[in-house]
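What follows is a set of notes on a single structure, which appears directly below.
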Amino acid sequence: MSIQHDINEKMRAILIDWLIEVHYKFELMEETLFLTVNLIDRFLARQPVVRKKLQLVGVTAMLLACKYEEVSVPVVDDLILISDRAYTRQEVLEMEKLMVNTLQFNMSLPTPYVFMRRFLKAAQSDKKMELLSSFIIELCLVEYEMLKFRPSFLAAAAIYTAQCSLKGFKFWNRASELHTNYTENQLLECSRLMVDFHQRAGAGKLTGVHRKYSTNKYCYTAKSEPACFLL
């Protein structure tokens, strides 16, 4: 955000929260969401954007992520419609051109989701733990302060936090430490932030992730108890 003069962290949070709802509405793959956010953040780190174009950056990033990850891609007109016709088809295509050139066509970046799939296998997770880990890590997508952590670190911390929440005590076994390369002590600071997000998920204005994980499709995961004892 240091190069941005017209937008701030709060506006980024509003955009990501909205995109999580769009992603859910279009029934896209999980990795598409994480790549979308990755593209937005890398673009904003290089290119100053005016406030009225921020949503355009968001929908264009989602379009690019869909082209990279999805089999069936939403058409440009769908994205224009979902953004309340705020932009024209030409504006989306111009932004797409600017984004791919700014990012030098580098779409293949490891996101937290990639690491999480791997680490969940190591943790011998069940459906409950997978959903809770996903809920926690999606809450982190909205939070600007979480960008200071590496994708692999975020994934490990989300799984650790989910395990603690489900078990009711601190739990990080040798296998998880071996596969993630992070110790429990290293994860604690990040994990405590995640517990705080979990506690506040249903409050405030940005509740997209909480609403998504409060549905039957996600087994009402948002209603699970946060691991407050970690605080």
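Take the sequence shown: its position 76, counted from the start at 1, is 56 in our numbering, and no numbers get skipped. The beta-carbon is built from N, C-alpha and C at its ideal position, and this holds for glycine as well.
With respect to the C-alpha of R22, the residue from E118, I(-6), N86, D58 having the closest C-alpha is N86.
In the same chain as L73, and ignoring 5 residues on each side of it, the C-beta atoms closer than 8 Å to its own belong to V56, in chain order.
The continuous alpha helix (DSSP H) containing I60 extends over residues 56 to 62. Contact between T12 and E50 holds, with the beta-carbon distance rounding to 6 Å and staying under 8 Å. With respect to the 9 Å criterion, K150 and L210 are classified as neighbours on the basis of their beta carbons. A contact is defined here as three or more CB-CB pairs under 8 Å, and the region 148 to 162 fails this definition with respect to the region 190 to 201. For F95, the enclosing alpha helix (DSSP H) starts and ends at 92 to 102.
Taking the CA atoms as reference points, E(-11) sits about 7 Å from M(-19).
Contact between the region 153 to 166 and the region 117 to 131 is absent: fewer than three C-beta pairs spanning the two stretches fall below 8 Å.
The shortest CA-to-CA distance from R97 to any of L112, L83, Q84 is the one to L112.
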